[in-house]
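Taking full-length UniProt numbering as reference, the numbering of the sequence shown is continuous, increasing by one, and the terminal residue is 120.
Don't be surprised by glycine CBs; every beta carbon is placed ideally from N, CA and C.
Below is one structure, written out as structure tokens; comments come after it.
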Amino acid sequence: MASLTGRRVLVVEDETLVAMLVEDTLADAGVVVLGPVATVAEALAMLERDRPDLAVLDLNLAGETSEPVADALIRLEVPFVVASGYGAAGLPQRLAGIPVLAKPYAPEDLTAALARLPVA
Numbered sequence: 001m002a003s004l005t006g007r008r009v010l011v012v013e014d015e016t017l018v019a020m021l022v023e024d025t026l027a028d029a030g031v032v033v034l035g036p037v038a039t040v041a042e043a044l045a046m047l048e049r050d051r052p053d054l055a056v057l058d059l060n061l062a063g064e065t066s067e068p069v070a071d072a073l074i075r076l077e078v079p080f081v082v083a084s085g086y087g088a089a090g091l092p093q094r095l096a097g098i099p100v101l102a103k104p105y106a107p108e109d110l111t112a113a114l115a116r117l118p119v120a
């Protein structure tokens with residue numbers, strides 16, 4: 001597994017407590033956290049300004065699908081993991097190859113999943 005130290009990771013998560021835990025976990029792993037952002041609009045705006053190395057994407061943002069963010073990450077060739085309470089079964093078919101972290105997940109599961117991603 002690759003080291004996450006110094007990697008820039010975009011966090012897209014609408015649940016404040018989860019976002020804080022993710023941010024703390026990643027900071028402890030030496031990650032430069034971009035965000036967290038809680039809406040599709042914020043995530044897309046962030047991607048226009050700043051290209052992350054990796055991303056963590058909650059698929060459901062307060063009832064809004066974050067698929068447009070997933071599409072943008074794919075276009076930009078930014079590897080990402082999807083964090084979802086629905087697990088892999090909740091992914092649209094076109095995202096079937098994207099790694100999924102089923103919520104709730106342990107902090108070490110998050111860092112391990114990100115470390116397994118190819119570096120952009």
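Environment of residue i [buried if 16+ CB atoms lie within 10 Å]
i    : result
G35  : buried
A41  : exposed
L4   : buried
V119 : exposed
A19  : buried
Below-9 Å beta-carbon distance, residue i vs any chain C residue
i   : result
D14 : Given the protein chain composition of this structure (a single chain), no chain C is represented.
Best match in the options for proximity to residue i [C-alpha to C-alpha]
i   : options                : result
E15 : L47, R7, R49 and L57   : L57
R51 : T65, V11 and R94       : V11
L73 : L47, L61 and E64       : L47
L59 : A115, E42, V100 and R7 : V100
Contact belief for residue i with residue j at Cβ below 8 Å, rounded distance in angstroms
i   : j   : result
P79 : L54 : 5 Å
V69 : V33 : Not really, about 16 Å apart at Cβ, beyond 8 Å.
L91 : V82 : 6 Å
Identity of the residues DSSP links to residue i by a beta bridge
i   : result
A83 : D58 and L101
Range of the contiguous beta strand (DSSP E) that encloses residue i
i   : result
R8  : R8 to V12
V33 : V32 to V37
Extent of the continuous alpha helix (DSSP H) to which residue i belongs
i   : result
T16 : T16 to D28
L44 : V40 to R49
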